[in-house]
Amino acid sequence: MQNQTLSIDIYFKDTLKDAIVDMLLEDGYDDFFYIPCAKYASNFLLQSASEQVSGRQEYGLFRMFIDEQKAQFIINKLLQAFGKEDMRIYTHCTTQI
Numbered sequence: 000m001q002n003q004t005l006s007i008d009i010y011f012k013d014t015l016k017d018a019i020v021d022m023l024l025e026d027g028y029d030d031f032f033y034i035p036c037a038k039y040a041s042n043f044l045l046q047s048a049s050e051q052v053s054g055r056q057e058y059g060l061f062r063m064f065i066d067e068q069k070a071q072f073i074i075n076k077l078l079q080a081f082g083k084e085d086m087r088i089y090t091h092c093t094t095q096i
């Protein structure tokens, strides 16, 4: 049976962007997408005054398409390095057309 191809969505606080890019490139992952986005939250979850006024934090999204084994490796490595507080990771089964 072939390994499943997964789409991995890595949502993260924008301040982590450069460190995540460095880690992905060091591990040979050089085919991924970056999408700027914002995380909207209630005021008590937002830290700075500008975040509280706008109601959002600057976030980013990396999207990668890799097999299940590589996905588990990179997910574990990212969570060990950066934790879950400023990062969320989702996987989706995909079919390339």
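Heads up: the sequence shown is residues 0 to 96, going by numbering that gives the first Met the number 0. For glycine and all other residues, C-beta sits at the position ideal for the given N, C-alpha and C.
Original post:
Skipping 5 residues on each side, what residues in its chain have a beta carbon closer than 6 Å to that of Ile34?
Top reply: Leu60
Original post:
In chain order, what residues of the same chain lie with their CB nearer than 7 Å to the CB of Lys38, ignoring the 5 residues before and after it?
Top reply: Arg55, Gln56 and Tyr58
**OP:** Look up Glu84 in the DSSP assignment and say whether it is helix, strand or coil.
**Re:** coil
Original post:
The alpha helix (DSSP H) spanning Leu15 covers which residue range?
Top reply: It is not in any alpha helix (DSSP H) - Leu15 carries neither H nor E in the DSSP assignment.
**OP:** Have a look at Thr93, Ala80 and Gln95 and flag the residue whose alpha-carbon is nearest the alpha-carbon of Leu15.
**Re:** Ala80
**OP:** Would you mind sorting Ile96 into buried or exposed? The rule is 16 or more other CB atoms within 10 Å of its CB.
**Re:** When all chains shown are included, Ile96 counts as exposed.
Original post:
Considering only C-alpha positions, which residue in the set Thr4, Phe11 and Ile65 is nearest to Asp29?
Top reply: Ile65
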